[in-house]
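Read through the structure below, which is laid out as structure tokens, and then see the notes.
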Amino acid sequence: MKPIEDGIWEVELKLTLNDDEQLKILSNEIRKEIGVGTGWDRLGTLLVKMGELNKAEDIYKTLFSLTRDGDWQMLAHLNNQLGYIMKQKGDLSAAIAFYQKTLEIQQK
0 MKPIEDGIWE VELKLTLNDD EQLKILSNEI RKEIGVGTGW DRLGTLLVKM
50 GELNKAEDIY KTLFSLTRDG DWQMLAHLNN QLGYIMKQKG DLSAAIAFYQ
100 KTLEIQQK
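So the sequence shown is numbered by numbering that gives the first Met the number 0: it starts at 0 and just counts up by one.
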């Protein structure tokens, strides 16, 4: 990997087999770090870990609008994630509101 101009990097990729041991180890570590869930949920988690809180918030709000009302587990999870994002952004009142909604959903 080498920089070629302002903010652009050249990356050399090599083809690997599915049974490559290093690839398996790397994949397992990524799964541990990011967790399980839908692809969009994992992307949100990755964005939070990268500090891209606004992008993660957008992902979770979109997922929230797409989640069915009866999917209480997912709604609780999304509220919890949004609460964490708000806490990280310093908006404690919004964080508390999301966390309270999470508790309300889980108590149903």
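Glycine is no exception: its CB is placed at the ideal position from the N, C-alpha and C atoms.
(message) Restricting to Cα atoms, I'd like to know which of 7, 3, 5 and 59 is closest to residue 74.
(response) Mapped onto the sequence shown, residue 74 falls at position 75. When only C-alpha atoms are compared, the closest one is 59.
(message) In whole angstroms, give me the CA-to-CA distance for residue 82 and residue 24.
(response) The sequence position of residue 82 within the sequence shown is 83, counting from 1. The sequence position of residue 24 within the sequence shown is 25, counting from 1. Using only the alpha carbons, I get a separation of about 32 Å.
(request) Report buried or exposed for residue 85, applying the criterion of at least 16 other Cβ atoms within 10 angstroms of its Cβ. (result) The residue given as residue 85 occupies position 86 in the sequence shown. Buried.
(request) Identify every run of the alpha helix (DSSP H) within the segment 18 to 82, keeping only runs that are complete inside it and at least 4 residues long; order them along the chain. (result) 20 to 33, 38 to 48 and 52 to 65
(request) Taking the CB atoms as reference points, tell me whether residue 62 and residue 55 lie closer together than 8 Å. (result) Translated into positions along the sequence shown, residue 62 becomes position 63. Translated into positions along the sequence shown, residue 55 becomes position 56. No, Cβ-Cβ distance for residue 62 and residue 55 is not below 8 Å.
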